[in-house]
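Visitor:
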Amino acid sequence: ISTFKGVQDELAQILLNNEQSSQVVQIILQNLIENIPKNAQKEYIQLFGLVSQIYQQKLLEFYPKILQFISKQIISNENNHLNSAISTTLGQFCQYTIKSIQDQEYLISIINLVSQHLIVNKTMQVSAMCLQGIIQSSPLDCILNIKDDLVIILINQAKSGHFITEGAQESILMALLALIICIEEQFRPYAKNIVPILVQNLVGQTARKITIDMIYTLGVLMGEELEQYLDQIVELVKICRCD
């Protein structure tokens, strides 16, 4: 770990001091897309986060290659061992390159790409984690503008609770919780429809606990929207007390 940190620091200095940034980024992206050794995938993916931090919006020039890189990492993520590296790195990319509402088209392209992988069981968990990272790292104005699409994407997957893995369901719920925390009062139109979907489709102990956190957050922000589901919420709390 310390050796890799040293490599990161050294590379950061090289990148910061290089005036021909476009050429450097192109070379790095080409190598990241084509030549990542399997025994060092995580480290190489993390290097992309470093590149995002240094070059920021200059990376938008290479957007097609970046989408190709993201898609390839999601697909090649065997046994979910790269989940954290991929989602964290994608969050960093959004944080450093998507600066304002003018960049929203790029954000929509990323979300559309991730959503395509979200409906496939093999890539569902990492895709949900990526959506969580995107929501937590992108400008609020952009998230507010596309909140309808995000809610539909996540709710549709939450409905499939009994047909997906526990890990995938937990990640979907965490992404949904991140969206609620992000947009707060703006989530009100969806609150009254979400509770029955959540309560009826939970498959695991951790998923139930995340749902309790979600309901608590909604209760603080807009408790009156949940009143009609009070009995269902009480039953869920009783189950969680026995977990």
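Numbering (the numbering used here), first residue to last: 523 to 765.
We treat Cβ as the ideally placed atom computed from N, Cα and C, and that holds for glycine.
So Met736 and Leu695 are supposed to be a Cβ contact under 8 angstroms. How far apart are they, rounded?
Guide: Position 214 of the sequence shown, counted from the first residue, corresponds to residue 736. Position 173 of the sequence shown, counted from the first residue, corresponds to residue 695. With 8 angstroms as the limit, Met736 and Leu695 qualify as a contact, their Cβ atoms being about 7 angstroms apart.
Visitor: Alpha helix (DSSP H) containing Leu787: first to last residue?
Guide: This structure gives no information on residue 787, because the portion of the chain shown stretches from 523 to 765.
Visitor: Runs of 4 residues minimum, wholly inside the segment 587-643: which ones carry the alpha helix (DSSP H) assignment?
Guide: 605-619 and 626-640
Visitor: So, for Ile550: in the same chain, excluding its five sequence neighbours on each side, which residues have a beta-carbon less than 7 angstroms away from its beta-carbon?
Guide: The residue labelled residue 550 in the question sits at position 28 within the sequence shown. Scanning its chain for C-beta atoms nearer than 7 angstroms, with the 5 sequence neighbours on each side dropped, one finds around Ile550 the residues Val573, in chain order.
Visitor: State yes or no: is the C-beta of Gln658 within less than 8 angstroms of the C-beta of Gly613?
Guide: For the purposes of this step, residue 658 is taken as the residue at position 136 of the sequence shown. For the purposes of this step, residue 613 is taken as the residue at position 91 of the sequence shown. Going by C-beta atoms, Gln658 is nearer than 8 angstroms to Gly613.
Visitor: Using 8 angstroms as the threshold, is the C-beta distance between Val713 and Glu757 below it?
Guide: Here residue 713 corresponds to residue number 191 of the sequence shown, with the count starting at 1. Here residue 757 corresponds to residue number 235 of the sequence shown, with the count starting at 1. Position check: residue 713 holds Ala in this sequence, whereas Val was assumed. Inclusion of Ala713 and Glu757 in the CB contact set at 8 angstroms is not warranted, their separation being larger than that value.
Visitor: Closer than 8 angstroms by C-beta to Leu533: which residues in its own chain qualify, once you throw out the five before and the five after it? Chain order, please.
Guide: Start at 1 with the first residue of the sequence shown, and residue 533 comes out as number 11. Cβ contact annotation for Leu533 (same chain, cutoff 8 angstroms, sequence separation greater than five): Leu569 and Leu572, in chain order.
Visitor: Just to confirm, does Ile668 get its C-beta within under 7 angstroms of one of the non-hydrogen atoms of the ligand FAD?
Guide: With respect to the ligand FAD, the structure shown offers nothing to examine, as it has no ligands at all.
Visitor: Quick test of the definition: if touching needs 3 or more C-beta pairs under 8 angstroms, does the segment 597-612 touch the segment 640-653?
Guide: yes
Visitor: Closer than 8 angstroms is the cut-off here; do at least three beta carbon pairs connect the segment 634-643 with the segment 584-597?
Guide: The segment 634-643 and the segment 584-597 touch, with no fewer than 3 CB-CB distances between them shorter than 8 angstroms.
Visitor: Assign Ile536 to one of two classes, buried (16 or more other C-beta atoms within 10 Å of its C-beta) or exposed (fewer than that).
Guide: Locating residue 536 in the sequence shown gives position 14, counting from the first residue. Classification for Ile536: exposed.
Visitor: Considering Leu740, what are the terminal residues of the alpha helix (DSSP H) in which it resides?
Guide: Within the sequence shown, the letter at position 218 stands for residue 740. Residues Gln727 to Met744.
Visitor: Only counting the same chain, and skipping five residues up and downstream in sequence, which positions put a Cβ closer than 6 angstroms to that of Ile734?
Guide: If you number the sequence shown from 1, residue 734 lands on position 212. If the five residues before and after Ile734 are omitted, its C-beta is found closer than 6 angstroms to the C-beta atoms of Cys762, all from its own chain and listed in chain order.
Visitor: If we call anything under 8 angstroms between Cβ atoms a contact, is Pro718 one with Tyr751?
Guide: Your numbering for residue 718 matches position 196 in the sequence shown. Your numbering for residue 751 matches position 229 in the sequence shown. Yes.
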